[in-house]
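Chemist: First the structure, then my questions, so here it is.
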Amino acid sequence: MADLKILAVDDSPTMRRIIINTLKRAGYPDVIEASDGKDAIAKLKVENINFVITDWNMPEMDGLTFVNTIRGMAEYKSLPVLMVTTRSVKDDIVEALKAGVNNYIVKPFTPDTLKEKIQQVLNG
Amino acid sequence: MAISEKLYKNMQKEIVTLALSINEVVGKFKQLSNPLSESQERVPKATEQLDKISEQTEVATHQMLDKVEKITQREDEVSQGLKKIKDNTISGDFSNIVPTIDTLLEKVNLNSEDAYVIMDALQFQDITSQQMNHAASLLEDIEDRLHSIIGVIQGSQETEDAVPASASPRKERAYDPNADYTDKKASQSDIDSLFSSGK
Chain A
1 MADLKILAVD DSPTMRRIII NTLKRAGYPD VIEASDGKDA IAKLKVENIN FVITDWNMPE
61 MDGLTFVNTI RGMAEYKSLP VLMVTTRSVK DDIVEALKAG VNNYIVKPFT PDTLKEKIQQ
121 VLNG
Chain B
125 MAISEKLYKN MQKEIVTLAL SINEVVGKFK QLSNPLSESQ ERVPKATEQL DKISEQTEVA
185 THQMLDKVEK ITQREDEVSQ GLKKIKDNTI SGDFSNIVPT IDTLLEKVNL NSEDAYVIMD
245 ALQFQDITSQ QMNHAASLLE DIEDRLHSII GVIQGSQETE DAVPASASPR KERAYDPNAD
305 YTDKKASQSD IDSLFSSGK
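Heads up: the protein sequence lines correspond to chains A and B, in order.
Using our numbering, the letters of the first sequence map in sequence onto residues 1 to 124.
Using our numbering, the letters of the second sequence map in sequence onto residues 125 to 323.
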């Protein structure tokens with residue numbers, strides 16, 4: 001659990017802090033931040049990330065485009081991705097599933113839900 | 125009295141000019157009606173979003189205040205408990221020291237849990253920020269429509285493609301127009317079943 005390096009992608013600095021603190025409390029202290037999809041791709045290239053938590057609505061590159069982009073790159077095809085977003089419309093969720101998101105959480109989330117979904121993704 | 129042919133022709137010319145002017149005015153009104161009706165739709169939407177922000181900020185603030193009140197009350201109790209332990213230790217009375225420390229530890233743990241609940245409640249900032257971006261985007265749209273209307277009134281033919289008359293450069297806004305700070309348990313369970321059926 002402790003050797004998991006997580007990339008938290010969200011344009012809101014408040015949300016990034018909340019996610020990082022929740023992850024630390026859940027036993028995942030190694031977290032890298034990115035403010036949008038482009039920044040996240042840059043971080044993926046230099047850090048040894050093995051789990052991604054991403055928002056959907058972000059400037060520059062949104063979360064869905066980010067997931068679609070990395071799924072097209074051989075090295076990140078099977079990288080676990082958990083989407084954490086306010087979007088709860090069925091069509092959006094279907095779109096996220098098609099893009100290759102491994103699991104999906106609606107904001108506002110509880111620490112238990114975040115922990116549970118990370119475990120579900122890791123357990124396949 | 126018979127109208128002379130010259131006068132008749134002049135009148136005909138004037139009537140044609142008048143008809144053309146009326147047509148032009150009608151055309152301008154048609155050009156105005158579209159941006160006006162679109163602006164009319166956007167104003168209530170922006171107001172609705174701003175009301176939502178006000179309501180949801182209040183809900184989140186009350187949740188946090190409830191927890192802060194509990195934390196401060198427990199802190200007082202912890203402080204009194206520590207004082208009691210100190211007094212008893214000075215007087216050499218250790219009889220109730222372990223249960224007192226256990227009670228204090230329980231209160232400290234509850235305070236830690238409540239601090240995390242406050243942190244969770246702070247997610248409202250991201251949600252209301254998206255609602256504000258939506259409202260701002262609607263208002264910017266209205267600004268564009270009004271600019272189009274001014275363009276039409278001033279004689280410009282451009283309506284849809286009118287350049288926004290914004291005083292400052294606009295920022296790129298990324299938001300979910302349906303972002304909402306409510307209990308998402310039902311939605312989350314729907315999503316979970318969708319994901320398990322989609323895998």
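We put the beta carbon where it would ideally sit given N, CA and C, even for glycine.
Remember, predicted model here, so these are calculated numbers, not experimental data.
Counting contacts by CB-CB distance shorter than 8 Å, is L318(B) in contact with chain A?
Modeler: Closer than 8 Å to some Cβ of chain A, the Cβ of L318(B) qualifies, so yes.
Chemist: Per the contact definition of three or more C-beta pairs closer than 8 Å, is the segment 264 to 278 of chain B in contact with the segment 38 to 52 of chain A?
Modeler: With the cut-off at 8 Å, the segment 38 to 52 of chain A and the segment 264 to 278 of chain B do not touch.
Chemist: Interface residues of chain A around D300(B) at Cβ under 8 Å?
Modeler: Neighbours of D300(B) on chain A, chain order: W56, N57, T85, T86, R87.
Chemist: Mind checking who N103(A) pairs with in its DSSP beta bridge?
Modeler: L82(A).
Chemist: Give me the chain B residues within the contact set of T113(A), using Cβ-Cβ distance strictly less than 7 Å, ordered along the chain.
Modeler: Going along chain B in sequence order, the residues near T113(A) (Cβ under 7 Å) are Q312.
Chemist: Using the DSSP secondary-structure output, state which residues sit across from L7(A) in a beta bridge.
Modeler: Partner(s): I32(A), V52(A).
Chemist: Between the segment 48 to 66 of chain A and the segment 75 to 85 of chain A, do at least 3 Cβ pairs fall closer than 8 Å?
Modeler: The segment 48 to 66 of chain A, when compared against the segment 75 to 85 of chain A, does touch it at the 8 Å Cβ threshold.
Chemist: Helix, strand or coil for R17(A) per DSSP?
Modeler: Note: R17(A) maps to helix in three-state DSSP.
Chemist: What are the residues in the segment 174 to 205 of chain B lying within 8 Å of chain A by C-beta distance?
Modeler: From the segment 174 to 205 of chain B, no residue has a Cβ closer than 8 Å to chain A.
Chemist: Among R87(A), V121(A), Y104(A), Q120(A), which has the Cα closest to the Cα of P301(B)?
Modeler: Ranking R87(A), V121(A), Y104(A), Q120(A) by Cα distance to P301(B) puts R87(A) first.
Chemist: Name, going along the chain, the residues of the segment 62 to 73 of chain A whose beta-carbon falls closer than 9 Å to a beta-carbon of chain B.
Modeler: Within the segment 62 to 73 of chain A, the residues whose Cβ lies closer than 9 Å to some Cβ of chain B are D62, listed in chain order.
Chemist: So with CB distances below 8 Å, who are the chain A contacts of E296(B)?
Modeler: Near E296(B) (Cβ distances below 8 Å), the residues of chain A are P59, E60.
Chemist: Quick check on the burial criterion: 16 or more other C-beta atoms within 10 angstroms. Buried or exposed for P108(A)?
Modeler: Per the 10 Å Cβ criterion, buried.
Chemist: To the nearest angstrom, how far is the alpha carbon of S203(B) from that of L189(B)?
Modeler: Straight-line Cα distance between these residues: approximately 21 Å.
Chemist: Which residue from S253(B), T141(B), A239(B), Y240(B) puts its Cα closest to that of D11(A)?
Modeler: Nearest option by C-alpha distance: S253(B).
Chemist: Residues in the same chain with beta-carbon distance under 7 Å from H258(B), minus the five sequence neighbours each way, listed in chain order, please.
Modeler: Cβ neighbours of H258(B) beyond the five flanking positions: Q173, Y299, P301.
Chemist: Relative to the C-alpha of A239(B), which residue among D211(B), V192(B), A260(B), V276(B) is closest?
Modeler: The option with the nearest alpha carbon to A239(B) is V192(B).
Chemist: Any beta carbon from chain A within less than 8 Å of T234(B)'s own beta carbon?
Modeler: Note that residue 234(B) corresponds to Leu in the displayed sequence, not to Thr. Taking Cβ atoms only, chain A never reaches closer than 8 Å to L234(B), which makes this a no.
Chemist: Under 8 Å, Cβ to Cβ, is there at least one residue of chain A near M243(B)?
Modeler: Yes, its Cβ sits closer than 8 Å to a Cβ of chain A.
Chemist: Give the straight-line distance between the Cα atoms of G72(A) and F66(A), rounded to the nearest whole angstrom.
Modeler: Distance between the alpha carbons of G72(A) and F66(A): 10 Å.
Chemist: Assuming contact is defined by CB atoms lying nearer than 8 Å, are L7(A) and I32(A) in contact in what I supplied?
Modeler: Yes, they are a contact pair.
Chemist: Quick check on P108(A) - is its C-beta less than 8 Å from some C-beta in chain B?
Modeler: Judged by the 8 Å Cβ criterion, P108(A) is in contact with chain B.
Chemist: Go through its chain and collect everything with a Cβ distance to G205(B)'s Cβ below 7 Å, but skip five positions before and after it.
Modeler: Only T224, T227, L228 meet the Cβ criterion.
Chemist: Counting contacts by CB-CB distance shorter than 8 Å, is D238(B) in contact with chain A?
Modeler: For D238(B), the answer is no, since every Cβ of chain A falls outside 8 Å of its Cβ.
Chemist: For W117(A) and T171(B), I'd like the C-alpha separation in whole angstroms.
Modeler: Looking at the sequence shown, residue 117(A) is not Trp but Lys. Going from the Cα of K117(A) to the Cα of T171(B) covers about 36 Å.
Chemist: Out of K5(A), I105(A), L114(A), which one is the CA nearest neighbour of E47(A)?
Modeler: Ranking the options by Cα distance to E47(A), first place goes to K5(A).
Chemist: Mind reading off the beta-carbon distance from I209(B) to I221(B)? Whole number of angstroms is fine, and I expect it under 8 Å.
Modeler: Yes, I209(B) and I221(B) are in contact; Cβ-Cβ is about 6 Å, under 8 Å.
Chemist: Would a check of beta-carbon distances place N103(A) closer than 8 Å to chain B?
Modeler: Yes, its Cβ sits closer than 8 Å to a Cβ of chain B.
Chemist: If you compare alpha carbons, which of A260(B), F319(B), I315(B), Q278(B) is closest to R294(B)?
Modeler: With distances taken between Cα atoms, R294(B) lies closest to A260(B).
Chemist: K90(A): which of I139(B), I315(B), S320(B) sits nearest, CA to CA?
Modeler: Nearest option by C-alpha distance: I315(B).
Chemist: Counting only Cβ pairs nearer than 7 Å, list the residues of chain A close to A303(B).
Modeler: Neighbours of A303(B) on chain A, chain order: T86.
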